[in-house]
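In my numbering, the protein residues as written are 15 to 171. The beta-carbon is built from N, C-alpha and C at its ideal position, and this holds for glycine as well. A quick write-up on the structure given underneath.
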Amino acid sequence: MNNSIKKIAIVGPESTGKSTMSQLLAKYYKASWVPEYARYYCENLTAPYTLQDEVNMYYGQIALEDAILVTTESEFIICDTTFVTVKIWSDEMLGETPQVVLDALPKRPYDLYLLMDIDLPWQDDPLRDFPNQRQYFMDVWHKELKALKANYKVVSG
């Protein structure tokens with residue numbers, strides 16, 4: 015894997031424009047784009063998800079990133095969310111985070127996180143759950159990124 019390729023992560027609460035922003039940035043900068051694995055995974059779930067599903071989503075997300083890192087000709091990749099989302103959702107929905115995710119947090123950093131603000135109108139979607147807790151999850155994202163000592167900027171508008 016080429017470690018000189020920069021990883022830029024577009025993250026934030028639900029319905030903040032992460033997918034749109036990540037795709038637009040990748041297109042504009044002619045960078046490789048990493049989609050959100052959890053969306054594809056959850057669209058195919060037939061039962062409430064479990065901690066094992068969160069582990070599966072973690073492995074799926076990093077597999078996508080790693081596959082694109084070894085094949086890209088770009089100087090950087092744009093990631094539509096990261097496995098940090100697995101930590102946040104695991105903590106919030108299941109009360110614990112898989113150890114594999116905790117172990118990976120310091121070992122798989124991103125060069126820049128763009129934290130999407132909650133100032134866009136909520137767009138309903140079958141996979142979105144918390145229209146009334148956007149500020150809470152924005153605060154959680156700030157807390158998690160600060161805990162990682164991550165280089166991040168908030169994107170509004």
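From the DSSP output, which residues share a beta bridge with residue i?
| i | result |
| --- | --- |
| Phe97 | Beta-bridge pairing links Phe97 to no other residue. |
| Tyr124 | DSSP lists no partner for Tyr124. |
| Leu39 | DSSP lists no partner for Leu39. |
| Ile24 | Asp94 and Leu128 |
| Lys167 | Leu128 |
| Val48 | Cys93 |
Do residue j and residue i count as a contact pair if the criterion is CB distance below 9 Å?
| i | j | result |
| --- | --- | --- |
| Ala23 | Thr85 | no |
| Asp200 | Thr30 | Because residue 200 is not part of the residues shown, which for the chain are 15 to 171, the question remains open. |
| Glu110 | Leu65 | yes |
| Leu119 | Val98 | yes |
| Tyr7 | Met71 | A query on residue 7 cannot be resolved here, the shown segment of the chain reaching from 15 to 171 and no further. |
| Ile92 | Leu39 | yes |
| Met107 | Tyr150 | no |
| Phe90 | Tyr166 | no |
Could you round the C-beta distance between residue i and residue j to whole angstroms and report it? I think they count as a contact, below 8 Å.
| i | j | result |
| --- | --- | --- |
| Lys101 | Val115 | 5 Å |
| Trp155 | Gly74 | With 8 Å as the limit, Trp155 and Gly74 do not qualify as a contact, their Cβ atoms being about 21 Å apart. |
| Ala45 | Ser18 | Ala45 to Ser18, Cβ: 14 Å. No contact. |
| Asp94 | Lys41 | Their Cβ separation, rounded to whole angstroms, is 13 Å, which puts Asp94 and Lys41 out of contact at 8 Å. |
| Leu129 | Leu159 | 7 Å |
Tell me which residues share the same chain as residue i and place their Cβ nearer than 7 Å to its Cβ, disregarding the 5 neighbours each side in the sequence.
| i | result |
| --- | --- |
| Val69 | Pro112 and Val114 |
| Trp103 | Glu68 |
| Pro135 | none |
So, for residue i: in the same chain, excluding its five sequence neighbours on each side, which residues have a beta-carbon less than 6 Å away from its beta-carbon?
| i | result |
| --- | --- |
| Tyr124 | Lys21 and Ala23 |
| Met152 | Pro27 and Ile132 |
| Ala164 | Tyr127 |
| Arg148 | Pro27 and Ile132 |
| Arg53 | none |
Residues in its own chain within less than 8 Å of residue i by CB, not counting five upstream and five downstream?
| i | result |
| --- | --- |
| Asp133 | Ser170 and Gly171 |
| Leu59 | Asp67 |
| Leu162 | Val98, Leu119, Pro120 and Pro123 |
(message) Could you check whether the segment 44-61 touches the segment 72-81, counting it as contact only if at least three pairs of C-beta atoms, one from each stretch, sit closer than 8 Å?
(response) Flag = yes, the segment 44-61 and the segment 72-81 touch.
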